[in-house]
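Sequence lines, in order, name chains A and B.
Every letter in the first sequence is one number past the one before it in the numbering used here, and letter 67, counting from 1, is 70.
Every letter in the second sequence is one number past the one before it in the numbering used here, and letter 83, counting from 1, is 86.
A short worksheet on the structure shown next.
There are 2 protein chains.
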Amino acid sequence: NSDKKPAAKKMLRHAVLFKFKDSATPAQVKEVEDAFRKLPSKVKEVKGFEWGTNNSPEGLNQGFTHMFFVSFDSEEGRAAYLPHPEHKAFVKVLEPHLDKVLVIDYWTQE
Amino acid sequence: NSDKKPAAKKMLRHAVLFKFKDSATPAQVKEVEDAFRKLPSKVKEVKGFEWGTNNSPEGLNQGFTHMFFVSFDSEEGRAAYLPHPEHKAFVKVLEPHLDKVLVIDYWTQE
Numbered sequence: 004n005s006d007k008k009p010a011a012k013k014m015l016r017h018a019v020l021f022k023f024k025d026s027a028t029p030a031q032v033k034e035v036e037d038a039f040r041k042l043p044s045k046v047k048e049v050k051g052f053e054w055g056t057n058n059s060p061e062g063l064n065q066g067f068t069h070m071f072f073v074s075f076d077s078e079e080g081r082a083a084y085l086p087h088p089e090h091k092a093f094v095k096v097l098e099p100h101l102d103k104v105l106v107i108d109y110w111t112q113e
Numbered sequence: 004n005s006d007k008k009p010a011a012k013k014m015l016r017h018a019v020l021f022k023f024k025d026s027a028t029p030a031q032v033k034e035v036e037d038a039f040r041k042l043p044s045k046v047k048e049v050k051g052f053e054w055g056t057n058n059s060p061e062g063l064n065q066g067f068t069h070m071f072f073v074s075f076d077s078e079e080g081r082a083a084y085l086p087h088p089e090h091k092a093f094v095k096v097l098e099p100h101l102d103k104v105l106v107i108d109y110w111t112q113e
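Following this line, the structure appears as structure tokens:
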């Protein structure tokens with residue numbers, strides 16, 4: 004569909020979905036959101052970032068409420084991010100409140 | 004992180020994950036991929052489209068192998084897409100080969 008999306012540089016997407024524990028308070032969820040939002044400024048290999056909360060009318064989200072969408076321009080960038088101390092520090096903030104997580108990564112195709 | 008992603012127009016993302024049945028052949032999976040790829044040219048409300056297959060090293064993909072990432076610029080656009088005859092025709096191609104699906108939609112935040 005070249006009329007809608009001109010050939011763009013291929014990116015490595017890293018989609019991360021969370022379902023929080025029922026016990027997680029809104030303040031605790033916001034703490035996790037804010038901690039994730041700070042990662043792109045702390046890890047130079049992150050080349051793009053957005054996130055949001057589910058508003059699908061289809062009811063197929065399997066309980067996941069949050070998606071964070073991180074972009075890299077190489078697998079080396081991802082390999083630097085995953086074990087990065089700032090990423091590990093984020094996971095420590097996340098873990099007490101996490102019910103389940105799903106991660107899928109892909110190189111963009113049109 | 005204004006240094007990495009300047010304020011962009013908010014988009015409504017529609018992330019669709021598939022796990023195919025073990026019985027699905029590579030040709031059948033490709034038929035589904037190709038059918039989905041044709042949707043953006045058939046439904047004018049689709050404002051962005053990309054897809055790819057999982058290559059995450061984390062093993063947290065819960066069996067999902069494919070992600071399709073559709074963008075709209077309004078909830079009205081999504082509301083036109085979901086029941087669109089072309090979308091319904093695609094689902095007919097998909098259904099025989101689908102093991103499970105996950106859909107999460109969100110308005111982009113930074």
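Even glycine gets a Cβ: it sits at the ideal position worked out from N, Cα and C.
Query: Rounded separation between residue 82 of chain B and residue 43 of chain A - CA only; Result: 32 Å
Query: Buried or exposed by the 16-neighbour rule on C-beta atoms within 10 Å, applied to residue 73 of chain B; Result: buried
Query: Neighbour flag for residue 37 of chain B against chain A, beta carbons, 8 Å; Result: no
Query: Neighbour list for residue 108 of chain A in chain B, Cβ cutoff strictly below 7 Å; Result: 57, 58, 59
Query: Residues from the segment 88–105 of chain B in contact with chain A, defined by Cβ distance under 7 Å; Result: 104, 105
Query: Continuous alpha helix (DSSP H) assignments of at least 4 residues falling wholly in the segment 16–61 of chain B; Result: 29–45
Query: heavy atom of the ligand ATP below 7 Å from residue 109 of chain B C-beta; Result: Only the bare structure without any ligand can be found here, which leaves the ligand ATP out of the picture.
Query: Closest Cα partner of residue 55 of chain B within the set B:32, B:27, B:14, B:76; Result: B:32
Query: Segment limits, alpha helix (DSSP H) that includes residue 93 of chain B; Result: 88–97
Query: Cβ of residue 113 of chain A within 8 Å of any chain B Cβ; Result: yes
Query: Element boundaries [alpha helix (DSSP H), containing residue 78 of chain B]; Result: 78–84
Query: Euclidean distance between Cα positions of residue 101 of chain B and residue 63 of chain A; Result: 14 Å
Query: Chain-ordered chain B contacts of residue 67 of chain A [CB-CB under 8 Å]; Result: 105, 107
Query: Contact under 8 Å by Cβ, residue 78 of chain A with residue 15 of chain A; Result: yes
Query: Residue-level contact to chain A via CB, residue 48 of chain B, 8 Å cutoff; Result: no
Query: Residues bridged to residue 112 of chain A (per DSSP); Result: B:54
Query: Distance, residue 58 of chain A Cα to residue 111 of chain B Cα; Result: 11 Å
Query: Residue 4 of chain B at chain A interface by Cβ criterion, 8 Å; Result: Here the model assigns residue 4 of chain B a pLDDT of 42, short of 50, so the residue's position is not dependable, and the following value carries that caveat. Output row for residue 4 of chain B: interface = yes.
Query: Endpoints, the beta strand (DSSP E) within which residue 69 of chain B is located; Result: 69–75
Query: Rounded straight-line distance, which links the Cα of residue 37 of chain B to that of residue 26 of chain A; Result: 42 Å
Query: Cβ pair residue 104 of chain B, residue 20 of chain B closer than 8 Å; Result: yes
Query: Short CB-CB distance (under 8 Å) between residue 83 of chain A and chain B; Result: no
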